[in-house]
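Trainee: This structure is in structure tokens; I'll ask about it shortly.
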Amino acid sequence: MACDPLSYSGVDASSWASLRETIDGQYGIRIDTETGEASQRGFHLKWAYDPAAETLEIQCLEKPFIIPCSVVNDYINGAAEKAGLPLG
6 MACDPLSYSG VDASSWASLR ETIDGQYGIR IDTETGEASQ RGFHLKWAYD
56 PAAETLEIQC LEKPFIIPCS VVNDYINGAA EKAGLPLG
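All letters in the sequence shown, in the order written, are residues 6 to 93 by the working numbering.
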């Protein structure tokens, strides 16, 4: 079951780079393109970053059954906050 997508605005190149490093370091999911998908340890993420509009959308498409989407999205929001992305 896919989780609700998370959208961020005001994402500059520096914040995007920081978020990619945070997700790779904490969760082992390597993001090296502006748009794509990747899987690791039962989690499958999809993302789309638009540098011109400074927008980002991330969605967890697959996850272990026992982990609720609220927990997954809280982890993604935590990584975004750590990377300096504006939340809201």
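We put the CB at the ideal spot given by N, CA and C, even for glycine. All values derive from a computational prediction rather than experimental measurement.
#1: Looking only at its own chain, which residues have a Cβ that is under 6 Å from the Cβ of E62, when we skip the five neighbours before and after it?
#2: Given a cut-off of 8 Å on the beta-carbon distance, is the pair A88 and S20 in contact?
#3: Excluding five sequence neighbours on each side, which residues of the same chain lie with their C-beta closer than 8 Å to the C-beta of A43?
#4: Since Y13 sits in a beta bridge, which residues does DSSP pair it with?
#5: Could you have a look at T38 and say whether DSSP puts it in helix, strand or coil?
#6: Report the three-state DSSP secondary structure of A18 (helix, strand or coil).
#7: My output table needs one value for K68: the three-state DSSP class, helix, strand or coil.
#8: Going by the DSSP bridge assignment, what does G51 pair with across the sheet?
Mentor: According to the structure shown:
#1: Residue numbering aside, residue 62 sits at position 57 when the sequence shown is read from its first letter. Same-chain partners within the cutoff: P10, S12 and A53.
#2: Here residue 88 refers to the residue found at position 83 when the sequence shown is read from its first residue. Here residue 20 refers to the residue found at position 15 when the sequence shown is read from its first residue. Result yes, Cβ atoms of A88 and S20 sit closer than 8 Å.
#3: As a working note, residue 43 is residue 38 in the sequence shown. These residues qualify, in order along the chain: I34, R35, I36, H49 and L50.
#4: Taking the first residue of the sequence shown as position 1, residue 13 is located at position 8. Y13 is bridged to L61.
#5: Residue 38 sits at position 33 when you count from the first residue of the sequence shown. T38 falls in the coil class under three-state DSSP.
#6: Position 13 of the sequence shown, counting from 1, holds the residue named residue 18. In this structure, A18 counts as helix in the three-state DSSP scheme.
#7: Taking the first residue of the sequence shown as position 1, residue 68 is located at position 63. Coil at K68, not helix or strand.
#8: Counted from its first residue, the sequence shown places residue 51 at position 46. The amino acid at residue 51 is misidentified as Gly; the sequence shows Lys. DSSP lists E42 and Q64 as partners of K51.
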